[in-house]
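See below for the structure under consideration.
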Amino acid sequence: MQRKIVEFANLLRKSGLRVSVAEAIDAFEALDELSLEDREVFRDALRASLVKRGDDVATYDQLFDLYWSGFHDNLKNAFEAASAALSADGIDMERLLQQIREMLESGQVPEGELDLSDLARALLTGDLSELEQMIRAAAAQSGVARIENMLQIGFFGRRT
Amino acid sequence: MFDSVQDVQKQLEKQGYICDKRIATVVFLAHRLEKPILVEGPAGVGKTELAKVVAAATGRELIRLQCYEGLDVAKALYEWEYSKQLLYTQILKEKIGEVMEGTRSLREAAERVGQQDSVFFSDQFVVPRPLLHAITTDQPCALLIDEVDKSDPEFEAFLLEVLSDFQVTVPEIGTFVAKHRPLVFLTSNDAREMSDALKRRCLHLWIDYPSEAVELKILETKVPGIDRKLAEDLVAMMQRLRQVDLKKTPSIAETIDWARALLALNAESLGEEVVKDTMSVILKYEADIRKAQQELSRMMAARPPARGPAAGGAPAAGAPAAPPKKGTLH
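Residue numbers (the numbering used here), protein chains in the order written: chain A, 1 to 160; chain B, 161 to 490.
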């Protein structure tokens, strides 16, 4: 549980809230005093320890819902599972993409004949910035935009 | 003492303070963790009231320090009772003469006085101001530092020191350590942001204007005997007024005042005349009253003319039309 609180505090920080270590410790202490079954009480207790500005309350509420509903974890697990599966199959994602890129650039498979969607094209040409923009747009629509650090755990970003 | 969050809510309600679970949770935590609470929010929503009722519910004395710009440490902590010291020197003039006898030089006399000065800077000449009072009191107390946002950063720094250790050193006398940690409430009207260091020490509680249902409950608690329909109309109107861009948005205190005023005038319902006449109870600026008039006429016009049982269904009976966007009256 403590690890999750620290992770949550990190998430808040990345979204602009100023959460100090001392306040994270306050959150631990607060949870010791309360039963963790009531979600509302849990939310209020964390808010009292971690959120010190009226303007930040709305952000906190959104992030709380996203993080503690397991969505954040699901997303992370999905990414990890996908990349693990690919490397288990012996597929070197990097090499594959390189080959496809060469194919597209050299014109061996003329672009006009392949009916590539914008997303597919961005993926194949390794156009990371365009890819990121698309993900952001989709995220904004679904309300996931707030999870800024999640977007940095990308398929491609892991390779460094 | 509080057993649980529900216990807090129940006990506060017994004191006539209606609050939601969120407020009760923070009060419970502050009590258990012995941390101060920084209560922020617009004026008149019940921040100071919260401190009062928690003190009453826990049987603690409420010690109040009202902050203002220029409040210095002396006024908050302690002062020497100068007039008393002067009086004593006058009365004891003879004795002082005896003590000074035999001194041959000014320096010797001064030294001899120096040996005695602990007499005039002792316990009996200290006037404890709220903070020292809170530290030295025998019984557990509640300390309310009201409108802390009005004080200056210098005072805030000093407050930090006191709040962390709850001990104070008077150089001439010694160090006072609190026997019991007080339950500390700091209230702020958001005039300025408190320093990070202070916020870090406290649990934070933001109290906003209440929802319609809660405000109705508060009204019925504070003004017992008010007609249900009148209360509903009143609350609906207040909720609507708060959407308008006013110089001084009316808060719960104003709702209660208005209800009491209407009762005093034996008004049974919110007619246009009555509302116009009592506007000044809830709005204190001419410009606000003008803006509100427009809003209220609109609201009155939109209400169903027949005030039978059909109209009295839902609590939000006063606004069948969609509420206007904010800033419409600019």
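Note that beta-carbon positions come from the ideal geometry of N, C-alpha and C, so glycine has one too.
Count the other CB atoms, across all protein chains shown, that sit within 10 Å of the CB of residue i; report buried if there are 16 or more and exposed otherwise.
i: B:R467; result: Confidence at B:R467 is low in this model, with a pLDDT of 49, below 50, so its placement is unreliable and no value can be given for it.
i: B:E375; result: buried
i: B:Y228; result: exposed
i: A:F28; result: exposed
i: B:Y242; result: exposed
i: B:R267; result: exposed
i: B:E209; result: buried
i: B:P342; result: buried
i: A:E80; result: exposed
i: B:Y177; result: buried
i: A:A30; result: buried
i: B:G274; result: exposed
i: A:S49; result: buried
i: B:K195; result: buried
i: B:M397; result: buried
i: B:L246; result: exposed
i: A:E113; result: Its pLDDT being 49, under 50, A:E113 is placed unreliably in this model, and the value from its coordinates should be taken loosely. It counts as exposed.
i: A:M1; result: exposed
i: B:Q399; result: buried
i: B:P370; result: buried
i: B:K253; result: exposed
When DSSP labels each residue in this structure, what does residue i get in the three-state scheme?
i: B:T347; result: strand
i: B:Q226; result: strand
i: B:L430; result: coil
i: B:Q327; result: strand
i: B:L252; result: coil
i: A:E113; result: Confidence in A:E113 is poor, its pLDDT being 49 and thus under 50, which makes the residue's placement too unreliable to answer from.
i: B:V383; result: coil
i: B:H191; result: helix
i: B:L422; result: helix
i: A:Q60; result: First, the residue type needs correcting, since residue 60 of chain A is Tyr and not Gln in the sequence shown. A:Y60 falls in the helix class under three-state DSSP.
i: A:A85; result: helix
i: B:P288; result: strand
i: B:D417; result: helix
i: A:A48; result: helix
i: A:L17; result: coil
i: A:F28; result: helix
i: B:G274; result: helix
i: B:G334; result: strand
i: B:A302; result: strand
i: B:E113; result: Residue numbering for chain B in the displayed model covers 161 to 490; residue 113 of chain B lies beyond these limits and cannot be assessed.
i: A:L34; result: coil
i: A:E7; result: helix
i: B:I197; result: strand
i: B:E221; result: strand
i: B:L390; result: helix
i: B:H293; result: helix
Excluding five sequence neighbours on each side, which residues of the same chain lie with their C-beta closer than 7 Å to the C-beta of residue i?
i: B:E173; result: none
i: B:A447; result: K407
i: B:K235; result: R289
i: A:F8; result: Y67
i: B:G204; result: S411, I412, A413, E414
i: B:Y445; result: K407, K408
i: B:D437; result: none
In its own chain, which residues sit with a C-beta less than 8 Å from the C-beta of residue i, not counting the 5 before and 5 after it?
i: A:A137; result: none
i: B:T329; result: T335, F336
i: B:R420; result: V383
i: B:Q327; result: I295, T335, F336, V337, A338
i: B:K359; result: L198
How many whole angstroms separate the CB atoms of residue i and residue j, which I take to be in contact at a CB cut-off of 8 Å?
i: B:M439; j: B:A452; result: 6 Å
i: B:E455; j: B:V404; result: 5 Å
i: B:V214; j: B:A302; result: 6 Å
i: B:D387; j: B:E428; result: 7 Å
i: B:S311; j: B:L231; result: 5 Å
i: B:V287; j: B:E239; result: 5 Å
i: B:P300; j: B:R220; result: 5 Å
State yes or no: is the C-beta of residue i nearer than 8 Å to some heavy atom of the ligand NAD?
i: B:I367; result: The ligand NAD is not among the ligands present in this structure, which contains no ligands whatsoever.
Cutting at 6 Å between CB atoms, please list the residues of its own chain near residue i, excluding the five before and the five after it.
i: B:L365; result: V186, I197, V199
i: B:A211; result: L304, F345
i: A:F64; result: R43
i: B:I449; result: M439, L443
Using a Cβ cut-off of 7 Å, pull out every chain D residue sitting near residue i, in sequence order please.
i: B:V186; result: Going by chain labels, chain D is absent from the structure shown, which instead holds the protein chains A and B.
Residues within the region 193 to 206 of chain B neighbouring chain A, beta-carbon criterion of under 9 Å
L193, K195, I197, L198, E200, G201
Within 8 Å of chain B by C-beta, residues of the region 10 to 37 of chain A in sequence order:
R18, S20, A22, E23, D26, E29, A30, E33, L34
Return the residues of the region 345 to 356 of chain B that lie within a Cβ-Cβ distance of less than 9 Å from chain A, sorted by chain order.
D350, E353, M354, D356
Contact list for the region 357 to 371 of chain B against chain A, Cβ threshold 7 Å:
K359, R360, L363, H364, L365, W366
At a CB distance below 8 Å, what residues from the region 49 to 67 of chain A approach chain B? Give them in sequence order.
S49, V51, K52, R53, G54, V57
Scan the region 210 to 225 of chain B for residues whose Cβ lies nearer than 8 Å to a Cβ of chain A and list them as they occur along the chain.
none
When you check each C-beta in the region 331 to 343 of chain B against every C-beta of chain A, which residues fall closer than 8 Å?
none
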